[in-house]
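*Asks:* Numbering (our numbering), first residue to last: 684 to 842.
Don't be surprised by glycine CBs; every beta carbon is placed ideally from N, CA and C.
1) Got a sec? Which residues, its chain only, sit under 6 Å from residue 705 by beta carbon, not counting five neighbours each side?
2) Classify residue 721 as buried or exposed, calling it buried when 16 or more other Cβ atoms lie within 10 Å of its own Cβ.
3) Are the beta-carbon atoms belonging to residue 724 and residue 807 less than 8 Å from one another?
4) Under DSSP, the alpha helix (DSSP H) around residue 691 begins and ends at which residues?
5) Quick check on DSSP: helix, strand or coil for residue 744?
6) Flag this pair as touching only if the stretch 762 to 779 and the stretch 691 to 699 have three or more C-beta atom pairs under 8 Å; answer yes or no.
7) Please confirm whether residue 694 and residue 715 have their CB atoms less than 8 Å apart.
8) Are residue 777 and residue 751 close, meaning C-beta to C-beta below 8 Å?
9) Report the partner residues of residue 791 according to the DSSP bridge assignment.
10) Measuring CB to CB, does residue 736 end up less than 8 Å from residue 768?
11) Looking at C-alpha atoms only, which residue of 756, 710, 733 is the closest neighbour of residue 819?
12) Buried or exposed, going by whether 16 or more other CB atoms sit within 10 Å of the CB of residue 691?
13) Bridge partners for residue 836 per DSSP, in chain order?
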């Protein structure tokens with residue numbers, strides 16, 4: 684099993700195959716629209732706008748497992764992110780990042796990059812950086828601001 688074998692659905696139920704991002708640097712984040720860290724959407728969108736043409740893909744995976752901070756439906760969540768934060772990067776359907784129903788993308792990332800709580804996701808806005816060959820490179824805490832990832836992203840992007 685590698686990163687490119689994985690799939691997820693977008694908020695409308697359409698399949699997104701990770702292999703369609705092969706050759707790109709991928710930033711995976713578990714998101715929530717009503718979290719105290721929600722202002723990070725702005726920084727994530729800035730990374731997306733700055734580096735999408737150079738090969739960065741930002742993927743937001745909404746999750747309601749932390750204090751019910753993603754109560755929106757898939758459809759309204761996508762609209763809320765666009766309206767309140769200008770988000771244009773790809774969002775997925777709501778998923779689980781911990782427990783027996785953990786989405787396969789997060790199972791894979793957690794298995795390859797553990798954090799301060801072992802493999803468990805601590806909170807919303809945990810971030811994972813995946814290289815252009817599908818290798819998980821680094822895991823970032825929820826409090827790590829998107830602009831702090833820029834240096835690591837630039838190292839992985841083609842020059």
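*Replies:* Per the coordinate set shown:
1) The beta carbon of residue 705 sits closer than 6 Å to those of 687, all from its chain and outside the five residues before and after it, given in chain order.
2) By the neighbour-count rule (16 or more Cβ atoms within 10 Å), residue 721 is buried.
3) For residue 724 and residue 807, no; Cβs fall outside 8 Å.
4) First-last for residue 691: 690 to 692, but that is the beta strand (DSSP E), not the alpha helix (DSSP H).
5) Looking at residue 744 - three-state DSSP - the assignment turns out to be strand.
6) Note that the stretch 762 to 779 touches the stretch 691 to 699; at least 3 beta-carbon pairs, one per stretch, sit closer than 8 Å.
7) Contact flag unset, no.
8) No; because the gap between Cβ atoms is not below 8 Å, this pair is not in contact.
9) According to DSSP, which records beta bridges pairwise, residue 791 is partnered with nothing at all.
10) No, the Cβ-Cβ distance between residue 736 and residue 768 is not below 8 Å.
11) The shortest C-alpha to C-alpha distance from residue 819 to any of 756, 710, 733 is the one to 710.
12) When all chains shown are included, residue 691 counts as buried.
13) According to DSSP, which records beta bridges pairwise, residue 836 is partnered with nothing at all.
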